[in-house]
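K.L.:
Encoded as structure tokens, here's the structure I'll be asking about.
2 protein chains.
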Amino acid sequence: MADPQPSQQPPSQDPPQVPAADGEASKGPSKSELKKRAKEEEKARKAAEKAAKQAELDAQKAAADVDFATEFYGKLPLNQSQSRPGRKRTPVACLSPDLDGQTVLVRARVQASRAQGSKMVFLNLRQRSDSVQALLILAQGKVSKQMIKWAAGLQTESIVLAEGVVKKAPEPINSATVQDVELHLTQLHLISGLDTKLPFTVEDANRPEQTQQTEEDPEYKRVLLDTRLNNRVVDLRTETNQAVFKLQAGIGSLFREFLEGQGFIEIHSPKLQGAATESGASVFEVSYFKGKAFLAQSPQLAKQMAIAADFERVYEIGPVFRAENSNTHRHMTEFIGLDLEMAIEEHYHEVMELLDGLFLHMFRGLRQRYAKEIDTVRKQFPADEFKWREGPEGTLKFSFKQAVDLLVDDGVPREKLDDIDTENEKRLGRIVRAKYDTDYYIIDKFPMALRPFYTMPDSEDPTVSNSYDFFMRGEEILSGAQRVHDAALLAEQMRQKGINPESMKPYLQAFQLGCPPHGGGGIGLERVLMLFLELNNIRRASLFPRDPKRLEP
Amino acid sequence: MADPQPSQQPPSQDPPQVPAADGEASKGPSKSELKKRAKEEEKARKAAEKAAKQAELDAQKAAADVDFATEFYGKLPLNQSQSRPGRKRTPVACLSPDLDGQTVLVRARVQASRAQGSKMVFLNLRQRSDSVQALLILAQGKVSKQMIKWAAGLQTESIVLAEGVVKKAPEPINSATVQDVELHLTQLHLISGLDTKLPFTVEDANRPEQTQQTEEDPEYKRVLLDTRLNNRVVDLRTETNQAVFKLQAGIGSLFREFLEGQGFIEIHSPKLQGAATESGASVFEVSYFKGKAFLAQSPQLAKQMAIAADFERVYEIGPVFRAENSNTHRHMTEFIGLDLEMAIEEHYHEVMELLDGLFLHMFRGLRQRYAKEIDTVRKQFPADEFKWREGPEGTLKFSFKQAVDLLVDDGVPREKLDDIDTENEKRLGRIVRAKYDTDYYIIDKFPMALRPFYTMPDSEDPTVSNSYDFFMRGEEILSGAQRVHDAALLAEQMRQKGINPESMKPYLQAFQLGCPPHGGGGIGLERVLMLFLELNNIRRASLFPRDPKRLEP
Chain A
1 MADPQPSQQP PSQDPPQVPA ADGEASKGPS KSELKKRAKE EEKARKAAEK
51 AAKQAELDAQ KAAADVDFAT EFYGKLPLNQ SQSRPGRKRT PVACLSPDLD
101 GQTVLVRARV QASRAQGSKM VFLNLRQRSD SVQALLILAQ GKVSKQMIKW
151 AAGLQTESIV LAEGVVKKAP EPINSATVQD VELHLTQLHL ISGLDTKLPF
201 TVEDANRPEQ TQQTEEDPEY KRVLLDTRLN NRVVDLRTET NQAVFKLQAG
251 IGSLFREFLE GQGFIEIHSP KLQGAATESG ASVFEVSYFK GKAFLAQSPQ
301 LAKQMAIAAD FERVYEIGPV FRAENSNTHR HMTEFIGLDL EMAIEEHYHE
351 VMELLDGLFL HMFRGLRQRY AKEIDTVRKQ FPADEFKWRE GPEGTLKFSF
401 KQAVDLLVDD GVPREKLDDI DTENEKRLGR IVRAKYDTDY YIIDKFPMAL
451 RPFYTMPDSE DPTVSNSYDF FMRGEEILSG AQRVHDAALL AEQMRQKGIN
501 PESMKPYLQA FQLGCPPHGG GGIGLERVLM LFLELNNIRR ASLFPRDPKR
551 LEP
Chain B
1 MADPQPSQQP PSQDPPQVPA ADGEASKGPS KSELKKRAKE EEKARKAAEK
51 AAKQAELDAQ KAAADVDFAT EFYGKLPLNQ SQSRPGRKRT PVACLSPDLD
101 GQTVLVRARV QASRAQGSKM VFLNLRQRSD SVQALLILAQ GKVSKQMIKW
151 AAGLQTESIV LAEGVVKKAP EPINSATVQD VELHLTQLHL ISGLDTKLPF
201 TVEDANRPEQ TQQTEEDPEY KRVLLDTRLN NRVVDLRTET NQAVFKLQAG
251 IGSLFREFLE GQGFIEIHSP KLQGAATESG ASVFEVSYFK GKAFLAQSPQ
301 LAKQMAIAAD FERVYEIGPV FRAENSNTHR HMTEFIGLDL EMAIEEHYHE
351 VMELLDGLFL HMFRGLRQRY AKEIDTVRKQ FPADEFKWRE GPEGTLKFSF
401 KQAVDLLVDD GVPREKLDDI DTENEKRLGR IVRAKYDTDY YIIDKFPMAL
451 RPFYTMPDSE DPTVSNSYDF FMRGEEILSG AQRVHDAALL AEQMRQKGIN
501 PESMKPYLQA FQLGCPPHGG GGIGLERVLM LFLELNNIRR ASLFPRDPKR
551 LEP
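Protein chains in written order, with full-length UniProt numbering: chain A, 1 to 553; chain B, 1 to 553.
Following this line, the structure appears as structure tokens:
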């Protein structure tokens, strides 16, 4: 039963007490110092006594544990704070024929447990995206019938600590991700059981979305999105979701990596605002001591102020809040904004081109570094490969006017195209994919009337603005523009949109104090994730999504 | 006047229009295709016409610009969207004798402007933490008296685009950070002026905090913190603040770097909560459509649920909200939490040791990679060097009981030490620094009564908990613990603290569904920054700080 693996942590040589702060070097002895030392020696003596006693207790307990485990395959003590043998846990993904014959220790969930008569139990042990088959076999003096029964009765999703010998599998095990070895168990402890009925199994939650109940698989129950979200903790355990959230973290990481390489600095701007900013209608109000505050709809104002404060190039990753009573597949009341803002030297296309470079970096990074995770998600959510243009021709860019022309050519009446609504956006996405073979493109030069007050108008045609949207699969994922850095023009544009400049005084002041020309954009993290993977609902791209009807879990 | 520098961006060969989407490869021609092509050709013809016209306009405008600039040194057009010559801007920090005789283009703020008679103006041009001296000298047919007057009148903090020849300085220029060269200006454009009076100068805001008005420097006005925060955009332009926020970003970056190396994954948990969590008293209430929501005091519940969802090791960087009506030097109503949570194999000290490794990584990283920024801040905020223990002895750790003993030995009555209040924490910091020569230490094993309901009690002494606080300079910067992963014990501990388990059902459910033993901690980003640098007030470590009395700017 000795563990042949080298321990990651050395076994604790000292009794597992908090290391004493005494015994440290101190300066020249004085009377009070000597008194203190005597005290300390007394303390040390007592500590040693206690430690010896503790060691004895530990030894007894360890012995008892072993008995308990080998006799009853029982439950581990709730908290292991008094002993620390330092035995290495082997990740399930690392189990391979190389370890044949070795004893390993694995912490995993019981995905399935099935008795074969009264002499054997098959267990499927799952650890995140990996799983292995384990066998517990009746053995004189080692594994009793009672143990077999106990193991067969382990509830699905229980967490166990399993000790076993790695054995090459006689034939590939299709029910596990580790197919070439199985574990022959020598010990099994319960770390955490379930106190409630499982709302659905992780296996069911991981099935391909299009699969319907069939005669061959009468047991299968399709798990609806609402059921999943109500029991998100179980839903998140699927192989698919483990991959989805690795990809989510990956997007954030690629975003930062690119921008830090371009001289951007990360900032954190306050979400609590003194005034309802940007557009009064869709802001959450907060009780703030005896007054009130509002939740930021984006870091727009703060990041522009950071530019007025000479930060030159800033980015922020943080929550943004939208009080829109909209329950579509692509709206949430809280999501993660990937925002950036930068000073412009000559032309706002400097910003647009940097943003394009950023997206290409993210797309390439996802495909190169997360191919396994993308494949995993595809199994549950079959999707067309996400396409973008590489090479010297560069990303497809066209103007709002040209976008309208494309839609008109496709049969949409021009008089319905003062703005491009969600439906026509999607239509445009299909037109573009058919014509240019890309799912990623940029629309530039939006009409001024469609953009917020802080958008810079074109210097030659003030009905048009220096602004752009980026699209993935026909849905907007970034909105950005050159901003107005001139306080007088900014105040004028506020008035035109019915905003009293007095209500945004601290923001306006930033530009009165001198600010370079600048521009930027804001990306919805969950939207990028949803559209890249075709998850079809943004809630699947959020750990614990929030919408007008959902504040829990 | 030609720029001898290689251009970063190639000059735009095409007219600066939005690239046309037409002309792309399309599949086999059909009747409608041919019709379309004719249309496209017509479009292309028109575009070419427009482009030619545009090029002419641009040329006229560029010529006008040059005239304008050389004649009047005037204001640049507000937005440069129609021309993009692609001339490189040289960062002020890169100006050096190597460039002697070369013409460069610099965008910078006018920190000071002083006429020397009617024939010369000295300008101090500042760019973030760097500055250079520039001269404008009367020259027949090139620089008129009117220009000299205009430049001498430029308001402090105006942003200019300056073209000039780099010249070796005859003697070191003490008033600038670039001391060995000066710029002899050939052109000067105003990019952004001021529409308001400057509340204080950036020079004054950058002076050492202890400096008082003296007879030698009768002009100097000490800028009070409130004045700074009311005009944060100007205050942030100081060399000190530019460094402070590079350090803030640095801490976040080191935090992520260490944890990603340890297999942690970044998560984003919702700030909008359905219930007032953790402790009802200090939670902000939000109007949520027809109901209400609450702002998360920390990602505590969500990150534990992520562990129950098999994420194993998670971290989050995000805002946390505290509705405490407290206006101390170390409290804000919103700050950035650096949070982590991880599964435990054997002992909660696995978490404590990982957190210790994390802090050492951050301290070492700050000292090694940000030495220049730390020095910059020290000039305004003189501080004792932050000390921590390196080498085999490791970080100083002691138990809460031992901390109490240290205070009792120092003269604090034991009966006042059921808890260690802020004052005694600071006292302990001084004792520890005197005795152990460190500003960084860990206190372990807090009494259960002092910790939140989700804290795991010690298995042998339930009055004590498996929890710890980390300290810098006698102030708490991290609080953490092993958490209760057993639903029954968790519910029991809720009841003991007067919380109805029903009110936290989705959280409790996570543990009913099986959860591994786990622990973690939460770090206040601004506190770490404040204490490392001894900024003395946490507001200085926040871009736009929020407290009960401040919601703006």
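Note that CB positions come from ideal geometry on N, CA and C, so glycine has one too. Keep in mind it's a predicted model, so treat the numbers as computed, not measured.
What residues in its chain sit with their C-beta under 6 Å from that of Pro501 of chain B, if we drop five residues either side in the sequence?
P.N.:
Here the set comprises Ala491, Met494, Leu508.
K.L.:
List, in order along the chain, the chain B residues whose C-beta lies closer than 7 Å to that of Met305 of chain A?
P.N.:
Going along chain B in sequence order, the residues near Met305 of chain A (Cβ under 7 Å) are Val233, Pro553.
K.L.:
Using three-state DSSP, classify Arg433 of chain A as helix, strand or coil.
P.N.:
DSSP places Arg433 of chain A in helix when its eight states are reduced to three.
K.L.:
In the DSSP assignment, the beta strand (DSSP E) including His361 of chain A goes from what residue to what residue?
P.N.:
Not the beta strand (DSSP E): His361 of chain A falls in the alpha helix (DSSP H), residues 349 to 369.
K.L.:
In three-state terms, what does DSSP make of Pro501 of chain A?
P.N.:
Pro501 of chain A: helix per DSSP, three-state reduction.
K.L.:
If you measure between the beta carbons of Ala308 of chain A and Val233 of chain B, is that distance less than 8 Å?
P.N.:
In contact: Ala308 of chain A and Val233 of chain B (Cβ atoms closer than 8 Å).
K.L.:
Out of curiosity, what's the CA-to-CA distance linking Arg256 of chain B and Glu266 of chain A?
P.N.:
In a straight line, the C-alpha of Arg256 of chain B is about 13 Å away from that of Glu266 of chain A.
K.L.:
Give the interface partners of Thr240 of chain A over in chain B, defined as CB-CB distance under 7 Å, in chain order.
P.N.:
Simply none; closest approach about 12 Å.
K.L.:
According to the neighbour-count rule (16 or more other Cβ atoms, all chains shown, within 10 Å of its Cβ), is Ile137 of chain A buried or exposed?
P.N.:
That one is exposed.
K.L.:
Below 8 Å CB to CB, which residues in the same chain sit around Gly263 of chain B once its five sequence neighbours on both sides are set aside?
P.N.:
Closer than 8 Å at Cβ, skipping near neighbours: Glu312, Arg313.
K.L.:
How far does the alpha helix (DSSP H) with Ile251 of chain A in it reach, from first residue to last?
P.N.:
239 to 261 is the span of the alpha helix (DSSP H), which, as asked, contains Ile251 of chain A.
K.L.:
Expressed to the nearest angstrom, what Euclidean distance is found between the alpha-carbon atoms of Phe284 of chain A and Ala293 of chain B?
P.N.:
Cα to Cα, Phe284 of chain A sits roughly 10 Å from Ala293 of chain B.
K.L.:
Start and end of the alpha helix (DSSP H) containing Lys197 of chain B?
P.N.:
That residue, Lys197 of chain B, is in no alpha helix (DSSP H); it is neither H nor E in DSSP.
K.L.:
What do you reckon, are the CB atoms on Phe532 of chain A and Met472 of chain A nearer than 8 Å?
P.N.:
Yes, the Cβ-Cβ distance between Phe532 of chain A and Met472 of chain A is below 8 Å.
K.L.:
Less than 8 Å between the CB atoms is what I'm expecting for Arg84 of chain A and Ala108 of chain A, so what's the real figure, rounded?
P.N.:
At roughly 21 Å, the Cβ-Cβ gap does not stay under 8 Å, so Arg84 of chain A and Ala108 of chain A are not in contact.
K.L.:
Measuring CA to CA, which of A:Gly520, A:Lys145, A:Gln187 is closest to Ala134 of chain A?
P.N.:
Closest by alpha carbon: A:Gln187.
K.L.:
Cβ of Gly463 of chain A within 8 Å of Cβ of Pro447 of chain A?
P.N.:
It is Thr, not Gly, that sits at residue 463 of chain A in the sequence shown. Yes, Cβ-Cβ distance for Thr463 of chain A and Pro447 of chain A is below 8 Å.
K.L.:
From the DSSP output, in three-state form, read off Phe72 of chain A for me.
P.N.:
Reliability fails at Phe72 of chain A, whose pLDDT of 41 lies under 50, so the model's placement of it is uncertain and no value is given.
K.L.:
Within 10 angstroms of the Cβ of Val432 of chain B, are there 16 or more other Cβ atoms? Answer buried if so, exposed if not.
P.N.:
Flag for Val432 of chain B reads buried.
K.L.:
Would you report the Cα separation of Leu295 of chain B and Gln273 of chain B, rounded to the nearest angstrom?
P.N.:
Rounded to whole angstroms, Leu295 of chain B to Gln273 of chain B spans 6 Å at the Cα level.
K.L.:
Which residues, in chain order, does the stretch 406 to 440 of chain B contribute to contact with chain A at a C-beta distance below 8 Å?
P.N.:
Those residues of the stretch 406 to 440 of chain B that come within reach of chain A (Cβ to Cβ, closer than 8 Å) are Leu406, Asp409, Lys435, Tyr436.
K.L.:
What does the Cβ neighbour count give for Leu224 of chain A, buried or exposed, with the cut at 16 atoms within 10 Å?
P.N.:
It is exposed - the Cβ of Leu224 of chain A has fewer than 16 other Cβ atoms within 10 Å.
K.L.:
What's the C-alpha gap between Glu316 of chain A and Ser298 of chain A?
P.N.:
Each residue's Cα considered, the two are about 10 Å apart.
K.L.:
State the start and end residues of the unbroken alpha helix (DSSP H) segment that holds Glu341 of chain A.
P.N.:
Not the alpha helix (DSSP H): Glu341 of chain A falls in the beta strand (DSSP E), residues 334 to 343.
K.L.:
What is the DSSP secondary structure of Leu478 of chain B, reduced to helix, strand or coil?
P.N.:
In this structure, Leu478 of chain B counts as strand in the three-state DSSP scheme.
K.L.:
What is the DSSP secondary structure of Ala64 of chain B, counted as helix, strand or coil?
P.N.:
Because Ala64 of chain B carries a pLDDT of 38, less than 50, the predicted location of this residue cannot be relied on, and no value is offered for it.
K.L.:
What residues match up with His184 of chain B in a beta bridge as DSSP calls it?
P.N.:
Paired residue(s): B:Leu135, B:Val165.
K.L.:
Here's the rule I'm using: 16 or more other beta-carbon atoms within 10 Å means buried, otherwise exposed. How should Pro413 of chain A be labelled?
P.N.:
Under this definition Pro413 of chain A is an exposed residue.
K.L.:
Per DSSP, what kind of secondary structure is Gln509 of chain A in: helix, strand or coil?
P.N.:
Helix.
K.L.:
Taking Cys515 of chain A as the query, report the chain B residues whose CB atoms sit under 8 Å from its CB, ordered along the chain.
P.N.:
Near Cys515 of chain A (Cβ distances below 8 Å), the residues of chain B are Ile159, Ser192.
K.L.:
Does the separation of the CB atoms of Pro97 of chain A and Lys168 of chain A fall below 8 Å?
P.N.:
Cβ atoms of Pro97 of chain A and Lys168 of chain A: closer than 8 Å.
K.L.:
Could you work out which residues of chain D lie near Leu340 of chain A, taking near to mean beta carbons separated by less than 7 Å?
P.N.:
You won't find chain D in this structure, because its protein chains are A and B.
K.L.:
Where does Pro170 of chain A land, buried or exposed, given buried means 16+ other C-beta within 10 angstroms?
P.N.:
Its Cβ having fewer than 16 others within 10 Å, Pro170 of chain A is exposed.
K.L.:
Within a Cβ cutoff of 6 Å, which residues of the same chain sit near residue 607 of chain A, ignoring the five residues on either side of it in sequence?
P.N.:
There is simply no residue 607 of chain A to check, as chain A begins at 1 and stops at 553 in what is shown.
K.L.:
Please list the residues of the stretch 256 to 284 of chain B that have a C-beta atom closer than 7 Å to any C-beta atom in chain A, keeping them in chain order.
P.N.:
Listed by position along the chain: Ile265, Glu266, Ile267, His268, Ser269, Pro270, Lys271, Leu272, Gln273, Gly274, Phe284.
K.L.:
Anything in the stretch 310 to 333 of chain B with a Cβ closer than 8 Å to a Cβ of chain A? List those residues in chain order, please.
P.N.:
Cβ contacts with chain A come from Asp310, Phe311, Glu312, Ile317, Gly318, Pro319, Phe321, Ala323, Asn325, Thr333.
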